[in-house]
Amino acid sequence: MNEQTLTINGVTVVYRPGETILEAARRIDVDIPTLCHDDRIEPAAACRICLVEVEGSRLMQPSCHSKAQPGMVITTESPRVSRNRQFSLSLHMADTVSDRTIAEDANPNRLFELADVHGTAGVWAHVDSPRQGRPLDVNRFIHFREDRCIGCALCTRYCDEIEGVTAITLAHRGALTTISTADELSLTDTTCELCGGCIAVCPTGAMTEKAALAYGKPEKELEKIRTTCNFCGVGCQLDLNVDRAANRIVKVTPPPPGTTVNDGNLCVKGRFANDFIHHKDRLTEPLVRDADGVLRPASWDEALDRVVEGLQGVVTRHGPHSLGFVSSSRCTGEENYLFQKMSRAAFGTHNIHQCAAT
Amino acid sequence: MTNSIPEIRDTDFMLVIGSNTSEAHPIIAMEMKQAVRRGAKLAVADPRAIWMSSIADWHLQIEPGSDVWLLNALAHVIVAEGLEDKEWIAENTEGFDTVKETVAAYTPEKAEEVTGVPADMIREVARAYATTRKAGIYYTLGITEHTTGTDNVYALSNLVLMTGHLGGPSMGMNPLRGQNNVQGANDSGATPVFYPGYQWAKDEDVRAKFGEAWGVEQSDVPGLNLNEMMKKMGTHVKGMYLMGEDIVMSEPNVGRLEEALNGIEFMVVQDIFLNESCRYADVVLPAAAFAEKDGVFTNSDRRVQRVRKAVDPPGEARADWEIILDVMERSGYENPRYEGIADVYAEMASLAPKFAGISHERIDKDGLQWPVETMDAPSTIYLHKGGVLRGKGLFQAVEYRPPFEQADPEYPLVLSTGRTLYHYNAATQTRRVDGLAEKQPEAFIEIHPRTARVLGVEDGAMVDVVTRRGRVRCRAMVSRQVKRSTIWMPFHFAEARANLLTTDAGDAVTGTGEYKVCAARIELVDDPDVRNVFPGSYQSPVELTTKQ
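So the sequences go chain by chain: A and B.
Quick note: the first sequence uses my numbering, first residue 8, plus one each step.
Quick note: the second sequence uses my numbering, first residue 1148, plus one each step.
As structure tokens, this is what we get:
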């Protein structure tokens, strides 16, 4: 295959067939800002933030969508590019909440972050969009705030292309364009699988988490702890968003796309099934069963003595191979190591198996 | 998995068998959906119509338990049409001739009679698989939870070996692990046959090595596997220590197990919730959840990744490893002094060459995929690169054997069990998440509309599901997802435990129970309001603290 080149900001770049200008630029570390773009999703060229100048073209081109062509001469930073970017940012900002504190009340707001870096063309009169919400949606997890939405359709495209369930869609036209479901049904009554990907891709916090919103602390005030999901065997990486002072996990967010095995995706359990951690039913103290047959609270000291007495009693009466040890494929590797070491080294039997064996 | 999860999106053909991927492994399903969007072909073999079969090029809707027939017929077509990779077979394998002889009898036409899959579809899938280079096989418990589980796996690996779909990207033989750390628990030696790193316990030298490292002579008495422990409960097994496992929810034929549990002398349960098994416990120890401790999990593609403490455990609950260390110490065993959990990993890595190059420090940012044998070795993205690991890939000819139990006049339906998207195994965690409990509040049994009509069962009615082992009441879900001869229910619900119904007949090699096939019948319930559910919360802690 012939090598084909184009020029970006005076640098000659060899590009791969089918590559976009954005992809070619990234390979030489030229940063073109984007808002409605996500590497996992087909480009839509909806937000116009990524427009660049192409020599010989009267109009600027959306770099996320325009394919690289042989001999193209591209300028990603110029007064014209900058003017356009600021104009587009002002337009979008006039379409969402203007108060930054409110705009960042829950999720980070990429629109404001871009405005910080690139500036705007000024604060324009707020467009009072008559966009419809779905206030009656009874699902417990995902909340759509129509006043934040700028219609970039990242959420609906994610739902179509990545999760593949097409539960949400763009509805109506013009200023009325909104994110809706078939017949405005609750998400729980649609094909939605509650993966929450719409929340992760939304740049303005229009899609947000009900529980975290009710908790009332913005994401930027929470500490992110990277860990591995405790459900199935995919090994998704999660960021637990922790309110340190309250010793509480407020929500779970995925690491950025392209950085971990789950590529920025999570499922309903990974993202939302964390209430159990702080559930009132959690065991908080050891229990021992008395002669009357009832489990009662006990100190660790007493409980551990009972454990050792009980296990050693069985060994004395019936030998070590009358003990059975069952460990958990939900516990860590180290815990499973120590558990089998306990069985083999402290109690002298190979009767140890992890729970997933049958 | 021989290969890695991120490779799936670049594959050109997928055979998904016995895996309801979009419900059990949603993120892997996303990769598969990406591949299909890109133009990859997808064949789904499953007795049920599932989400993945709705986007598949072929849905091989097999009779439960007829996997060997289907897989041998696929092999038959490959051999009959000369599509096998003769050069690769000659270089990399042994035993092909016996497989060739065995599969000769498994014609697609006869396979259609047994499996219900049209002969032409079997031919098409066999051709597509054999002639596509980047072709991967993905399977889960629908393959292994059978009395023929090992045979099913052999039959699959025969397909891989005869086509040479091994040792390259986006292909291979890929079991998707059901739990976060199934791989890691096996890696750590939590199995009677292996010490950490798959070193055989039956090997005298291995026992001597661990005996020396741990300072205690190692027993030469072979250990019992989980299935054997459960079957010998009360007779041979007199004391149990359960860590993070709810056996009376999860083991097959639990009715019998529960009777046997009354015959044991002592049982410890260590968990984050008061689970069903606590009814039989003498001591219950409160453990920390995954977000409250440090360590590693190893996922399906052998990726060792960090688990980090984000919050403190509630009350006096403690991490499982801290509890184990205390029990060991009090029972008179002296461990070396561990400064933290990283030291425990280091001890294991020093005894298991496969993980010798892995440490907490190295996986701080990104995980590593084992084998990683030295501290400067990189991840192993896919196995068998540049030749089969054991030298020669060994073909294993297998003949079809019927499941332990088949439908008969008394129990005319085949019951299969499984997981749903919204819950997880014993569901002690997911049923405590309101949004999930609302989405899927109760147990159900899927019945084909025509079967339901014959029985007089209406959608949403309460019915009894009955097998030779037990009876469970749940709601009928009339659905075309199942075939007329099959019924299906999830195993998440304590008040309608599917495992009162399942058979504990196990695979001869692994002991894994046949959760996927048993004979059953449906009985109508006179009083539709009768609900066998605990009031209020689905589990009543009061009920659980009193021994039955």
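Cβ coordinates follow ideal geometry from the N, Cα and C atoms, glycine included.
Inter-residue Cα distance where the pair is residue i and residue j
i, j, result
"P1153(B)", "V268(A)", "7 Å"
"M100(A)", "T211(A)", "10 Å"
"A113(A)", "K231(A)", "14 Å"
"A1337(B)", "V20(A)", "53 Å"
"Q1686(B)", "R152(A)", "Legend: pLDDT at Q1686(B) = 41, less than 50; position of this residue unreliable, no value from coordinates given."
"M8(A)", "G25(A)", "Bear in mind that the predicted position of M8(A) carries a pLDDT of just 47, short of 50, making it too unreliable to give a figure here."
"N254(A)", "G1442(B)", "20 Å"
"P1688(B)", "P1399(B)", "Any answer about P1688(B) is weak, because its pLDDT of 45 lies below 50 and its placement is not dependable; what the coordinates show is given next. Looking at the two C-alpha atoms, the distance is approximately 24 Å."
"C274(A)", "V1363(B)", "45 Å"
"S1478(B)", "R1579(B)", "36 Å"
"I1394(B)", "T1564(B)", "16 Å"
"R164(A)", "L1221(B)", "38 Å"
"G1607(B)", "R1668(B)", "17 Å"
"D1397(B)", "M1387(B)", "The amino acid at residue 1397(B) is misidentified as Asp; the sequence shows Ser. Cα to Cα, S1397(B) sits roughly 16 Å from M1387(B)."
"K1539(B)", "V1246(B)", "15 Å"
"A207(A)", "R251(A)", "22 Å"
"A1227(B)", "R1270(B)", "10 Å"
"P1559(B)", "Q1181(B)", "40 Å"
"S1335(B)", "T188(A)", "47 Å"
"A160(A)", "R1509(B)", "39 Å"
"E1241(B)", "R289(A)", "54 Å"
"C243(A)", "Q1452(B)", "9 Å"
"L1207(B)", "K1379(B)", "39 Å"
Identity of the residue in the options nearest residue i by Cα
i, options, result
"V1406(B)", "Y1427(B), T1297(B), Y1388(B)", "In the sequence as displayed, the identity of residue 1406(B) is Glu instead of Val. When each option's Cα is compared against that of E1406(B), the closest is Y1427(B)."
"D190(A)", "D154(A), L143(A), K224(A)", "L143(A)"
"S95(A)", "C239(A), G317(A), C54(A)", "C54(A)"
"T356(A)", "T1254(B), K1233(B), N1321(B), V1384(B)", "V1384(B)"
"T1158(B)", "V1368(B), Y1285(B), K1501(B), G1165(B)", "Y1285(B)"
"F1542(B)", "T1149(B), D1459(B), N1239(B), T1254(B)", "N1239(B)"
"W131(A)", "S97(A), R138(A), L121(A), N146(A)", "S97(A)"
"A1503(B)", "L1560(B), F1444(B), E1546(B), P1343(B)", "P1343(B)"
"V249(A)", "C239(A), E228(A), C236(A)", "E228(A)"
"Y1301(B)", "I1197(B), P1322(B), E1412(B)", "P1322(B)"
"F1413(B)", "D297(A), H285(A), I35(A), R278(A)", "D297(A)"
Residue i vs residue j beta-carbon contact at 8 Å
i, j, result
"D1448(B)", "A1434(B)", "no"
"E168(A)", "W1468(B)", "no"
"I157(A)", "T103(A)", "yes"
"A310(A)", "P293(A)", "yes"
"H150(A)", "L245(A)", "no"
"S336(A)", "A1466(B)", "no"
"C1665(B)", "A1643(B)", "no"
"L1583(B)", "P1173(B)", "no"
"V1604(B)", "L1648(B)", "no"
"G1325(B)", "A1171(B)", "yes"
"V1224(B)", "I1202(B)", "no"
"D1193(B)", "N1167(B)", "yes"
"T82(A)", "C57(A)", "no"
"L13(A)", "P77(A)", "yes"
DSSP bridge partner residues for residue i (one or two, in chain order)
i, result
"K258(A)", "N248(A)"
"N1321(B)", "Y1285(B)"
"S334(A)", "Q361(A)"
"E1670(B)", "D1611(B)"
"E216(A)", "I149(A)"
"L302(A)", "R296(A)"
"L1432(B)", "Q1417(B)"
"V1163(B)", "V1191(B), Y1285(B)"
"A1623(B)", "I1592(B)"
"Q68(A)", "V59(A)"
"G1603(B)", "For G1603(B), which the question treats as bridged, DSSP gives no partner whatsoever."
"R1618(B)", "V1613(B)"
Any non-hydrogen atom of the ligand MG closer than 7 Å to residue i Cβ
i, result
"C54(A)", "Of ligands this structure carries none, so the ligand MG is not represented either."
Min CB distance residue i to chain E below 8 Å
i, result
"Q1330(B)", "Given the protein chain composition of this structure (A and B), no chain E is represented."
- Start-end ranges of the alpha helix (DSSP H) lying completely within the segment 119–182 of chain A, minimum 4 residues: 161–165
- alpha helix (DSSP H) runs contained entirely in the segment 1364–1394 of chain B, provided each spans 4 or more residues: 1373–1378
- Message: My parser needs the alpha helix (DSSP H) runs of 4 or more residues fully inside the segment 1477–1561 of chain B; what are they?
- Response: 1488–1498
- Item | Inside the segment 1207–1272 of chain B only - alpha helix (DSSP H) runs reaching at least 4 residues | 1214–1227, 1233–1239, 1243–1250, 1255–1262
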